[in-house]
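First up is the structure itself, then whatever we jot down about it.
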Amino acid sequence: MSRAEAPGGSEPEGWNLRYQGNEPVFTTDPSDLLGPETGGLVPGRALDLGSGEGRNALWLAQRGWRVTAVDFSDVGVAKARRLAEGLGVEVDWVVADLRSYHPPEDTFDVVIQSFVHLPANERGAILRRASAALRPGGSILVVGYDVSHLDHGAPGGPSDPALLLTVDGLVADLAGLEIERAERRRVPVEGDEEDTGRFAVDVVVRARRVTPFRAARPAGPWLAGPGA
Ligand SMILES: C[S@@+](CC[C@H](N)C(=O)[O-])C[C@H]1O[C@@H](n2cnc3c(N)ncnc32)[C@H](O)[C@@H]1O
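Its first residue numbered 133, the sequence shown is counted upward by one per residue in our numbering.
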């Protein structure tokens with residue numbers, strides 16, 4: 133996605149303003165991770181959390197995946213829906229806030245969450261539900277800006293470090309899954325005509341559900357009941 137855009141905030145109204153108009157706000161190219169991460173899989177069911185204008189959901193749907201795409205911006209979802217109609221592909225578009233959305237459990241072969249930046253407690257709860265939504269053998273792919281991205285001056289992404297990602301934080305969010313890939317990577321900033329040396333720093337984590345999923349308890353006090 134274009135990295136020179138300011139984010140839309142933590143409520144749908146901000147994103148609806150961002151997505152106004154017919155032109156795409158972000159690139160319509162899918163994440164460069166999708167091909168390598170899903171290209172070798174037999175298409176099944178996929179869930180795209182925070183799907184935006186639909187670039188990743190559409191790419192998967194065009195390759196035979198049955199995709200559920202969730203975003204709280206009805207303007208963004210409407211845009212994605214128009215793109216899908218133009219391409220002649222079906223996607224199950226859902227307007228919902230991920231903070232209260234409960235995907236069906238044991239259902240998806242692939243879950244993706246791309247550049248959705250939320251406070252750690254909200255992100256953790258969303259990713260626990262996303263983990264439980266995987267079928268055994270299914271994988272989740274999470275990508276977004278690393279907290280060190282702020283130090284490098286490349287435009288784009290939230291300016292609040294509390295909304296940025298770390299490898300360790302995402303690995304903790306995905307406790308109960310088998311971590312297959314967990315890394316930071318430097319990505320040249322798109323749109324630069326010369327090599328300015330500017331880059332974004334992303335976190336990429338892929339994890340697989342290998343057993344019946346048992347989410348780790350969220351941090352915080354709880355009372356042990358009988359048999360706990
Ligand atoms: C930077 S865009 C990324 C869109 C898409 N994943 C991509 O990679 O192109 C972030 C998206 O997350 C959505 N979003 C942010 N917070 C959300 C929430 N709590 N519930 C649902 N969607 C949310 C926004 O509406 C926006 O479309």
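Here a beta-carbon is modelled for each residue, glycine too, at the ideal position from N, C-alpha and C. Here the structure is a predicted model, which is why all the values come from computation and not from measurement.
Between the CA atoms of residue j and residue i - distance to the nearest angstrom
i	j	result
Tyr151	Gly140	9 Å
Gly288	Val275	14 Å
Glu185	Phe158	8 Å
Val243	Asp305	14 Å
Thr160	Ala307	32 Å
Ala339	Val223	24 Å
Gly146	Gly208	11 Å
Glu310	Gly171	20 Å
Gly329	Tyr233	40 Å
Proximal residues to residue i (C-beta, below 6 Å), its chain only, five neighbours per side dropped
i	result
Arg198	Arg177
Residue range of the unbroken alpha helix (DSSP H) whose run includes residue i
i	result
Thr170	Leu166 to Thr170
Asp362	The chain is shown only over 133 to 360; residue 362 falls outside these bounds and no answer can be derived.
Ala189	Arg187 to Gln194
Val207	Asp206 to Leu219
Glu145	Pro144 to Tyr151
Leu282	Premise fails: Leu282 is in no alpha helix (DSSP H) and is neither H nor E.
Which residues DSSP lists as bridging residue i, in chain order
i	result
Thr343	Partner(s): none; Thr343 has no beta bridge.
Ala314	Val337
Pro243	It is Val, not Pro, that sits at residue 243 in the sequence shown. Answer is Leu179 and Ile272.
First and last residue of the uninterrupted beta strand (DSSP E) at residue i
i	result
Trp225	Asp224 to Val227
Phe201	Per the sequence presented here, residue 201 reads as Ala, with Phe not at that position. Arg198 to Asp203 is the span of the beta strand (DSSP E), which, as asked, contains Ala201.
Val274	Leu266 to Tyr277
Same chain, Cβ closer than 7 Å to residue i, neighbours up to 5 away in sequence not counted
i	result
Ala228	Val202 and Phe204
Close beta carbons around residue i, own chain, < 8 Å, minus the five adjacent residues each side
i	result
Leu215	Thr160, Glu185, Gly186 and Leu190
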